[in-house]
Amino acid sequence: MGSFFQRVVIPVLIFTIATPISMGGREDDPDIDDTQIGRYLRDFCSDTRISKQCWKIIKPEINRFTNTDIRNVAGVVIDVTMKKTVDVIGEFTQLWLDSGDDALKKKYRSCAESYVSANQNLDAVRSGLYNPDVLQEISGWVDNVEGGMKSCNREFGGKSFDPAHVRNRNKEYRNYVDIVRTATNRILRNRDRKC
Numbered sequence: 005m006g007s008f009f010q011r012v013v014i015p016v017l018i019f020t021i022a023t024p025i026s027m028g029g030r031e032d033d034p035d036i037d038d039t040q041i042g043r044y045l046r047d048f049c050s051d052t053r054i055s056k057q058c059w060k061i062i063k064p065e066i067n068r069f070t071n072t073d074i075r076n077v078a079g080v081v082i083d084v085t086m087k088k089t090v091d092v093i094g095e096f097t098q099l100w101l102d103s104g105d106d107a108l109k110k111k112y113r114s115c116a117e118s119y120v121s122a123n124q125n126l127d128a129v130r131s132g133l134y135n136p137d138v139l140q141e142i143s144g145w146v147d148n149v150e151g152g153m154k155s156c157n158r159e160f161g162g163k164s165f166d167p168a169h170v171r172n173r174n175k176e177y178r179n180y181v182d183i184v185r186t187a188t189n190r191i192l193r194n195r196d197r198k199c
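Pasting the structure below:
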């Protein structure tokens, strides 16, 4: 038990403290859509498969977007997704601690570990945004993030007992991953146009 906390929970808590905290959204501001950044982000969300959910996720963070440079947008989107990942890890860790069912404990722990791995891949994506030597690897790292989520889904697949509605958590998290994928795809498209 102690080693799980040392390997998973402590690094997650350190990451949470080190992650920039949102300065709070201006989601009640009716003029957001009329700004250049607001229009750009609306257009960006329309590129995702989940445009309404994308806007719902991005809008509260709008003051973190300092310009419409896609690397800036991707950086903020990745930060928001990493924060969500840390929240999900905390939820799985709490479920693991609270469960009296050994089979569920194993599944919750596996999911927490999958999301820790997803966060490491997101960190690699964020680090690679401005590094042309690793830019081509970004898609693979995003695939790995999605793979971690799918691995957790498999733990609760079929008619598996799912009292904590893990599948719903994973479905919500997939929206964040889709937004990251859209941002990184735009970066890669822009890079390919310049070549």
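In the working numbering, the protein residues as written are 5 to 199. Beta carbons: idealized from backbone N, C-alpha and C, even for Gly. This structure is a prediction, so every number in the text was calculated from the model and none was measured.
In its own chain, which residues sit with a C-beta less than 7 Å from the C-beta of THR72, not counting the 5 before and 5 after it? Taking C-beta separations shorter than 7 Å and ignoring five residues to either side along the sequence, the partners of THR72 in its chain run GLN40, ILE41, TYR44, following chain order.
I need the straight-line Cα distance from VAL77 to GLY104, nearest angstrom please. Going by C-alpha positions, VAL77 is about 42 Å away from GLY104.
Report yes if the C-beta distance between GLU141 and GLY132 is below 8 Å; otherwise report no. Yes, they are a contact pair.
When you compare only the Cα positions, how much space is there between ARG158 and LYS56? When rounded, the distance between both Cα atoms is 27 Å.
What separation, rounded to the nearest whole angstrom, lies between the Cα atoms of ASP182 and ASN135? The C-alpha of ASP182 lies about 22 Å from the C-alpha of ASN135.
In or out: ARG193 buried (at least 16 other Cβ within 10 Å) or exposed? Result: exposed.
Residues near ARG185 in its chain [Cβ-Cβ closer than 7 Å; skip 5 each side]: Cβ neighbours of ARG185 within its own chain (closer than 7 Å, five residues either side excluded): VAL146.
What does the alpha-carbon distance come out to for the pair GLU117 and ILE62? Distance from the CA of GLU117 to the CA of ILE62, rounded to the nearest whole angstrom, comes to 26 Å.
Quick check: the Cα distance between ILE74 and ARG195, rounded to an integer number of angstroms? Those two C-alpha atoms are separated by around 11 Å.
Measuring CA to CA, which of LYS109, LYS111, CYS115, ILE191 is closest to ILE93? Ranking the options by Cα distance to ILE93, first place goes to CYS115.
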